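If you read the protein sequences in the order shown, they are chains A and B.
Final position of the first sequence in numbering that gives the first Met the number 0 is 162; the numbers increase by one with none missing.
Final position of the second sequence in numbering that gives the first Met the number 0 is 62; the numbers increase by one with none missing.
The C-beta atom is built at its ideal place from N, Cα and C for all residues, glycine as well.
In this text the structure is predicted, and so the values were computed from the model without any measurement.
For reference, the structure discussed in these notes is given below.
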Amino acid sequence: MSCLDATFTLTPRSPEYSGVSGYASLSCFGTDAGPPSPWDFNSLYASNRFAFEDNSAADPSLDYAQFANRNKTRFLAAWIDLGNFAAANKQLALIFGFDVIYTSNPGGRVLVYSDAGLLKDQQLVYGDNQFLLEVESLELSFMVYFIHAGGNWFFRGLSGYVV
Amino acid sequence: MAIIRVTKEQIEAANKAREAALKKDANFRRFEEQRFEKAAMAREAALQKKREAAAAPKEEQPS
Chain A
0 MSCLDATFTL
10 TPRSPEYSGV
20 SGYASLSCFG
30 TDAGPPSPWD
40 FNSLYASNRF
50 AFEDNSAADP
60 SLDYAQFANR
70 NKTRFLAAWI
80 DLGNFAAANK
90 QLALIFGFDV
100 IYTSNPGGRV
110 LVYSDAGLLK
120 DQQLVYGDNQ
130 FLLEVESLEL
140 SFMVYFIHAG
150 GNWFFRGLSG
160 YVV
Chain B
0 MAIIRVTKEQ
10 IEAANKAREA
20 ALKKDANFRR
30 FEEQRFEKAA
40 MAREAALQKK
50 REAAAAPKEE
60 QPS
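Encoded structure:
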């Protein structure tokens with residue numbers, strides 16, 4: 000819960016933001032779906048989530064800054080361009096929202112990448128539902144990738160707060 | 000909550016790496032071009048719909 004309205008929130012059903020503050024978009028390159036609920040398309044659409052299953056996870060030992068590796072796996076990509084705030088020395092708090100459905104292992108695992116390399120190998124734990132990227136400068140637009148690297152989990156959305 | 004800090008230097012390095020990869024890898028270049036073309040076409044289609052809706056004559060209300 001936040002006391003501030005998000006500058007933007009990108010979800011499967013609302014993957015683009017375009018406004019006075021700038022532009023942000025979310026792309027999904029591969030996801031899982033099928034019975035039973037809540038993994039089926041209807042449930043995923045209704046709950047506005049993407050599902051990722053353990054058996055489709057990427058090999059975490061590869062370098063996903065390389066397109067040739069990234070292109071063979073399931074991942075999300077966010078493009079952020081909030082240059083309008085650059086002069087005001089603003090920063091961006093980017094919240095990645097998720098659900099882990101099973102209490103038992105595996106939880107979930109996401110490799111957070113830029114085009115230059117791995118930023119963080121992030122575990123998604125049952126009972127938790129978000130992690131934060133603190134982006135120190137909005138001068139330059141940037142791309143961030145979230146590689147599905149393990150577990151059974153749902154992606155809920157990305158919310159950006161300019162602070 | 001886990002926190003991942005992304006510095007300005009990391010963003011600069013990422014953008015340089017991206018530019019280099021786009022020059023070097025024709026598959027990546029094609030992939031990105033198609034993605035941006037698709038987004039541009041979707042935005043144009045949405046704008047066209049708005050223009051058509053604005054230009055359409057409004058139905059008369061029954062008296």
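query                                                                                                         : result
Buried or exposed: where does V162/A fall if 16 or more other Cβ atoms within 10 Å of its Cβ makes it buried? : exposed
Report yes if the CB atom of G106/A is closer than 7 Å to the CB atom of V124/A, and no otherwise.            : yes
Please state the DSSP three-state secondary structure of E191/A.                                              : In the structure as shown, chain A starts at 0 and stops at 162, and residue 191/A therefore has no counterpart that could be examined.
Can you tell me whether DSSP reads E11/B as helix, strand or coil?                                            : helix
Determine, for V161/A, whether the minimum Cβ-Cβ distance to residues of chain B falls below 7 Å.             : no
Along chain B, in chain order, which residues have C-beta atoms closer than 7 Å to that of K119/A?            : I3
Quick one: grab the DSSP three-state call for G82/A.                                                          : helix
Is the beta carbon of N151/A sitting closer than 7 Å to the one on D53/A?                                     : yes
For E133/A, which three-state DSSP category applies?                                                          : strand
Start and end of the beta strand (DSSP E) containing A92/A?                                                   : 91-99
In this structure, what does DSSP give as the bridge partners for L25/A?                                      : A77/A
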